[in-house]
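Asker: Got a structure here, written out as structure tokens. Questions coming.
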Amino acid sequence: MTPRLTLATASRVLTQLRHDHRTIALIIVLPCVVLGLIAWLFDGTPVLNQFGPVYVGIFPVVVMFLVTSVATLRERTSGTLERLMSLPLGKGDFVTGYALAFGLLAIVQALVLVAFTVWVCGMDVAGELWVLVLCAVLSAILGSALGLAASALARTEFQAVQLMPATLFPQLILCGLAMPRAQMPEVLEALSRVFPLTYVVDALGGVARGLAFTDIASEVGLVALFIVAAVLGGSLTLRRRTP
Amino acid sequence: MGNKGNVVEARGLTVVRGTTTALGGVDLDVPSHQIVGLLGPSGSGKTTLMRSIVGVQRTTAGSMTVLGRPAGHPELRRVVGYTTQAASVYADLTVTENLRYFAALLGAHASDIERALVAVDMAGLAGRTVGTLSGGERSRVSLAAALLGDPQLLVLDEPTVGLDPVLRRDLWDLFARLRNDGVSLLVSSHVMDEAARCDRLVLLREGQVLADATLPELLERTGTSEAGEAFLALIEARGEEGR
Ligand SMILES: Nc1ncnc2c1ncn2[C@@H]1O[C@H](COP(=O)(O)OP(=O)(O)OP(=O)(O)O)[C@@H](O)[C@H]1O
Ligand SMILES: [Mg+2]
Chain U
37 MTPRLTLATA SRVLTQLRHD HRTIALIIVL PCVVLGLIAW LFDGTPVLNQ
87 FGPVYVGIFP VVVMFLVTSV ATLRERTSGT LERLMSLPLG KGDFVTGYAL
137 AFGLLAIVQA LVLVAFTVWV CGMDVAGELW VLVLCAVLSA ILGSALGLAA
187 SALARTEFQA VQLMPATLFP QLILCGLAMP RAQMPEVLEA LSRVFPLTYV
237 VDALGGVARG LAFTDIASEV GLVALFIVAA VLGGSLTLRR RTP
Chain F
12 MGNKGNVVEA RGLTVVRGTT TALGGVDLDV PSHQIVGLLG PSGSGKTTLM
62 RSIVGVQRTT AGSMTVLGRP AGHPELRRVV GYTTQAASVY ADLTVTENLR
112 YFAALLGAHA SDIERALVAV DMAGLAGRTV GTLSGGERSR VSLAAALLGD
162 PQLLVLDEPT VGLDPVLRRD LWDLFARLRN DGVSLLVSSH VMDEAARCDR
212 LVLLREGQVL ADATLPELLE RTGTSEAGEA FLALIEARGE EGR
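Chains U and F are the protein sequences, given in the same order. Residues 37 to 279, numbered by the numbering used here, are exactly what the first sequence covers, in order. Residues 12 to 254, numbered by the numbering used here, are exactly what the second sequence covers, in order.
Spelled out as structure tokens, the structure:
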């Protein structure tokens with residue numbers, strides 16, 4: 037890997053995004069609209085304060101996953117990936133470049149979403165605000181990283197869109213939102229431990245209950261590890277030579 | 012790597028793609044400082060052979076050296092320029108933004124972009140988004156990207172397809188200038204009248220090299236007056252042998 041090439045790739049991806057105002061607007065505005073709806077729906081109840089922080093982490097995962105997996109798949113189908121693989125660009129440069137560009141977008145998205153839910157929707161965060169911001173940013177980056185890793189499996193855009201439900205729905209069901217993990221059948225509880233979304237929800241649930249950063253540091257650390265693993269996995273599954 | 016001999020040497024190169032044998036034991040020498048035309052009908056293996064040369068094709072058997080190194084060697088990625096059959100550039104970036112990225116990957120100077128654009132007669136459209144260009148304009152942007160840096164070998168997959176006669180003549184003039192400047196070129200085409208612009212011809216059919224000669228040699232051997240007829244004569248001769 038060469039930092040110069042990684043940065044050139046990240047900057048190219050960001051330039052592409054800059055040309056696409058509609059996508060940027062969707063990425064930034066859509067999660068805010070969803071959170072706004074939830075706040076309105078449960079107006080006058082403690083639901084937003086209880087679950088708002090968790091949703092602030094979950095919607096960005098889904099949005100960033102989709103955007104990233106489709107963007108990298110487009111690179112495959114347009115032939116530009118084939119050209120890049122014939123050029124002096126490392127596989128790690130390619131994947132990390134994408135991760136950096138979408139990570140930056142993820143940070144903006146998370147900041148806007150937290151600001152919107154706290155100041156516009158009036159969510160009362162029991163824990164510290166900076167911890168919520170940190171978790172929201174990490175979960176958005178996680179979505180990107182998982183999208184990068186998963187796109188290696190897709191051959192068409194139809195498949196890429198299917199990857200989102202295939203990889204995220206089981207995680208959403210088992211992450212502890214649908215049922216507290218302690219009450220799950222043993223096998224499913226064990227399964228939930230290998231899913232990154234579980235730790236996102238654990239960490240953000242902690243923030244909602246007013247836990248300090250030190251109490252959820254291990255969950256946050258695990259999410260960061262999953263991000264690194266997904267980016268590594270994405271670089272390793274990328275093939276310079278294809279059949 | 013300034014070797015005088017052959018820029019590409021293949022021995023028994025075999026490539027199986029899915030269930031088809033795209034290349035069935037190809038022996039090939041591409042001499043340096045020449046324009047070698049790679050001709051053959053659709054599905055004959057032209058793209059597969061070019062992908063093998065630039066190191067993005069998984070090969071099944073045989074060997075191939077490019078500029079004295081095994082095909083796909085990292086050192087080659089800087090000195091072998093490649094255009095895929097479909098224009099492989101980013102449709103959502105401008106012409107200049109595209110070339111700026113590829114120049115960054117090659118470590119080429121920014122001034123190189125202007126030179127490449129002038130070479131393919133696209134300097135006037137430098138600021139346009141590639142997605143708004145015609146097919147022929149797009150493929151010339153793709154070609155410009157392959158001219159960046161200091162390529163010693165250009166592998167061009169059907170660079171003139173879909174272009175009008177004037178543009179095609181201009182591009183072949185460009186190829187001749189590049190050859191005179193010391194670049195070696197392998198250019199695929201299935202327009203037989205372009206054969207006259209090549210120093211040597213390689214005729215490919217069903218993954219086999221049917222002929223590897225200069226045009227005059229080929230015409231003499233088959234007693235024909237142009238490349239298309241020569242090609243048909245060779246195919247018929249093959250058929251008779253097989254009977
Ligand atoms: N991705 C692929 N998977 C499986 N088989 C493939 C693939 N690409 C090409 N083939 C097969 O390999 C053979 C050679 O294809 P190739 O693309 O090299 O031909 P070509 O000479 O470039 O044809 P054209 O002039 O149409 O571009 C064909 O029989 C084709 O069907
Ligand atoms: Mg082809």
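Where a beta carbon is used, it is the ideal one built from N, C-alpha and C, also for glycine. Computed from a predicted model, the values in this text were never measured in an experiment.
For a cutoff of 8 Å on Cβ pairs, would you count residue 99(F) as touching chain U?
Answerer: Within the second sequence, the letter at position 88 stands for residue 99(F). Yes, residue 99(F) lies at the interface with chain U (some Cβ there is under 8 Å from its Cβ).
Asker: Using a Cβ-Cβ distance cut-off of 8 Å, determine whether residue 55(U) contacts chain F.
Answerer: Taking the first residue of the first sequence as position 1, residue 55(U) is located at position 19. Answer yes: the Cβ-Cβ gap between residue 55(U) and chain F drops below 8 Å somewhere.
Asker: Looking at the structure shown, is residue 14(F) part of a helix, part of a strand, or coil, going by DSSP?
Answerer: Sequence index remark: in the second sequence, residue 14(F) carries index 3 (1-based). Note on residue 14(F): pLDDT 44, under 50, position unreliable in the model; the coordinate value appears next. Of the three classes helix, strand and coil, the one that applies to residue 14(F) here is coil, per DSSP.
Asker: Given that residue 108(F) touches chain U, what residues does it touch there, using C-beta distances under 9 Å?
Answerer: Residue mapping note: residue 108(F) aligns to position 97 of the second sequence, counting from 1. Simply 48, 51, 52 and 55.
Asker: Exposed or buried, residue 177(F), counting other C-beta atoms within 10 Å across all chains shown (16 or more means buried)?
Answerer: By one-based count along the second sequence, residue 177(F) stands at place 166. The residue is exposed, with fewer than 16 neighbouring Cβ atoms inside 10 Å.
Asker: What span of residues does the alpha helix (DSSP H) with residue 279(U) cover, start to end?
Answerer: Numbered from its first residue, the first sequence carries residue 279(U) at position 243. No alpha helix (DSSP H) holds residue 279(U); DSSP gives it neither H nor E.
Asker: Can residue 261(U) and residue 101(U) be called in contact, C-beta distance under 8 Å?
Answerer: Numbered from its first residue, the first sequence carries residue 261(U) at position 225. Numbered from its first residue, the first sequence carries residue 101(U) at position 65. In this structure, residue 101(U) does not lie closer than 8 Å to residue 261(U) by Cβ.
Asker: Which word fits residue 95(F), buried or exposed, when buried means at least 16 other C-beta atoms lie within 10 angstroms of its C-beta?
Answerer: Taking the first residue of the second sequence as position 1, residue 95(F) is located at position 84. Classification of residue 95(F): buried, given that the 10 Å Cβ count is 16 or more.
Asker: Take the Cβ of residue 153(F) as the centre, count every other Cβ of all protein chains shown within 10 Å, and call the residue buried at 16 or more, exposed below.
Answerer: Start at 1 with the first residue of the second sequence, and residue 153(F) comes out as number 142. Result: buried.
Asker: Assess contact between the segment 157 to 165 of chain U and the segment 182 to 192 of chain U, defined as three or more Cβ pairs (one per stretch) separated by less than 8 Å. Is contact present?
Answerer: The segment 157 to 165 of chain U is not in contact with the segment 182 to 192 of chain U.
Asker: I'd like to confirm something about residue 28(F): is its beta-carbon nearer than 7 Å to some heavy atom of ligand 1, or not?
Answerer: Numbered from 1 along the second sequence, position 17 holds the residue referred to as residue 28(F). Yes, the Cβ of residue 28(F) comes within 7 Å of a heavy atom of ligand 1.
Asker: Under the criterion of a Cβ to heavy atom distance below 7 Å, does residue 96(F) qualify as lining ligand 1?
Answerer: Residue numbering aside, residue 96(F) sits at position 85 when the second sequence is read from its first letter. True, at least one ligand heavy atom lies under 7 Å from that Cβ.
Asker: DSSP on residue 251(U), reduced to helix/strand/coil?
Answerer: Taking the first residue of the first sequence as position 1, residue 251(U) is located at position 215. Reduced to three states, the DSSP call for residue 251(U) is helix.
Asker: Tell me the DSSP secondary structure of residue 38(F) in three-state form.
Answerer: For this step, residue 38(F) is matched to residue 27 along the second sequence. In this structure, residue 38(F) counts as strand in the three-state DSSP scheme.
Asker: Are the CB atoms of residue 218(F) and residue 32(F) within a distance shorter than 8 Å?
Answerer: As a first step, residue 32(F) is located in the second sequence; it is residue number 21 there, counting from the start. As a first step, residue 218(F) is located in the second sequence; it is residue number 207 there, counting from the start. Closer than 8 Å, so yes.
Asker: Less than 8 Å between CB atoms is the rule here; does residue 254(U) satisfy it with respect to chain F?
Answerer: Taking the first sequence and counting its residues from 1, one reaches residue 254(U) at position 218. So, not an interface residue.
Asker: For residue 58(F), verify whether its CB is less than 7 Å away from any heavy atom of ligand 1.
Answerer: Position 47 of the second sequence holds residue 58(F). It does: the Cβ of residue 58(F) is within 7 Å (strictly closer) of some heavy atom of ligand 1.
Asker: For ligand 1, is there a heavy atom less than 7 Å away from the beta-carbon of residue 53(F)?
Answerer: Translated into the one-based positions of the second sequence, residue 53(F) becomes position 42. Result yes, Cβ under 7 Å from ligand 1.
Asker: Is any non-hydrogen atom of ligand 2 found closer than 7 Å to the C-beta of residue 223(F), if you look at the structure I gave you?
Answerer: Indexing the second sequence from 1 puts residue 223(F) at position 212. No - ligand 2 has no heavy atom lying nearer than 7 Å to the Cβ of residue 223(F).
Asker: Give the list of continuous beta strand (DSSP E) stretches no shorter than 3 residues that lie fully inside the segment 125 to 207 of chain F.
Answerer: Correct list: 164 to 167 and 195 to 200.
Asker: Any chance the CB of residue 171(F) is under 7 Å from a heavy atom of ligand 1?
Answerer: Counted from its first residue, the second sequence places residue 171(F) at position 160. No, the beta carbon of residue 171(F) sits no closer than 7 Å to any heavy atom of ligand 1.
Asker: State the Cα-Cα distance for the pair residue 190(F) and residue 196(F), rounded to the nearest angstrom.
Answerer: As a first step, residue 190(F) must be located in the second sequence, where it is residue number 179. As a first step, residue 196(F) must be located in the second sequence, where it is residue number 185. So the two alpha carbons sit approximately 7 Å from each other.
Asker: For a cutoff of 8 Å on Cβ pairs, would you count residue 144(F) as touching chain U?
Answerer: Locating residue 144(F) in the second sequence gives position 133, where the first residue counts as 1. For residue 144(F), the answer is no, since every Cβ of chain U falls outside 8 Å of its Cβ.
Asker: Just tell me which of 219(U), 226(U), 250(U) and 212(U) has its CA closest to the CA of residue 236(U).
Answerer: Here residue 236(U) corresponds to residue number 200 of the first sequence, with the count starting at 1. For the residues 219(U), 226(U), 250(U) and 212(U), the minimum Cα distance to residue 236(U) belongs to 212(U).
Asker: Given residue 70(U), which residues of its chain have a CB within under 8 Å of its CB, disregarding the five upstream and five downstream residues?
Answerer: Along the first sequence, read from residue 1 onward, the residue named residue 70(U) stands at position 34. Cβ within range, chain order: 91 and 95.
Asker: Can you check whether the C-beta of residue 103(F) is within less than 8 Å of a C-beta belonging to chain U?
Answerer: Numbered from its first residue, the second sequence carries residue 103(F) at position 92. So yes, residue 103(F) belongs to the interface.
Asker: With DSSP as the reference, label residue 46(U) as helix, strand or coil.
Answerer: Taking the first sequence and counting its residues from 1, one reaches residue 46(U) at position 10. In the structure shown, residue 46(U) sits in a helix (DSSP, three-state: H, G or I).
Asker: Tell me whether the segment 151 to 159 of chain U and the segment 73 to 92 of chain U touch, counting them as touching only if at least three CB pairs, one residue from each stretch, are closer than 8 Å.
Answerer: Yes: at least three Cβ pairs fall under 8 Å.
Asker: Name, going along the chain, the residues of the segment 92 to 124 of chain U whose beta-carbon falls closer than 8 Å to a beta-carbon of chain F.
Answerer: Taking 8 Å as the Cβ-Cβ cut-off against chain F, the residues of the segment 92 to 124 of chain U that qualify are 114, 115, 116, 118, 119, 120, 121, 122, 123 and 124.
Asker: Tell me which residues of the segment 50 to 75 of chain F have at least one Cβ-Cβ distance to chain U shorter than 7 Å, keeping chain order.
Answerer: Residues 65, 66, 67, 68 and 69.
Asker: Count the C-beta pairs between the segment 197 to 214 of chain F and the segment 46 to 62 of chain F that are closer than 8 Å, then say yes if the count reaches three, no if not.
Answerer: Enough Cβ pairs lie closer than 8 Å, so yes.
Asker: Taking only beta-carbon atoms, is residue 115(F) less than 8 Å away from chain U?
Answerer: For the purposes of this step, residue 115(F) is identified with residue 104 of the second sequence, where counting begins at 1. For residue 115(F), the answer is yes, since a Cβ of chain U falls inside 8 Å of its Cβ.
Asker: Could you pull out every unbroken alpha helix (DSSP H) segment of at least 4 residues lying fully inside the segment 50 to 135 of chain F, listed in chain order?
Answerer: Runs found: 57 to 64, 106 to 117 and 122 to 130.
Asker: Is there a Cβ of chain F sitting closer than 8 Å to that of residue 44(U), yes or no?
Answerer: Residue 44(U) sits at position 8 when you count from the first residue of the first sequence. Closer than 8 Å: yes.
Asker: Taking residue 99(F) as the reference, which of 110(U), 194(U), 130(U) and 62(U) has the closest Cα?
Answerer: Indexing the second sequence from 1 puts residue 99(F) at position 88. Of the listed residues, the one whose Cα sits closest to residue 99(F) is 110(U).
Asker: Could you check whether the segment 128 to 142 of chain U touches the segment 217 to 229 of chain U, counting it as contact only if at least three pairs of C-beta atoms, one from each stretch, sit closer than 8 Å?
Answerer: No contact exists between the segment 128 to 142 of chain U and the segment 217 to 229 of chain U.
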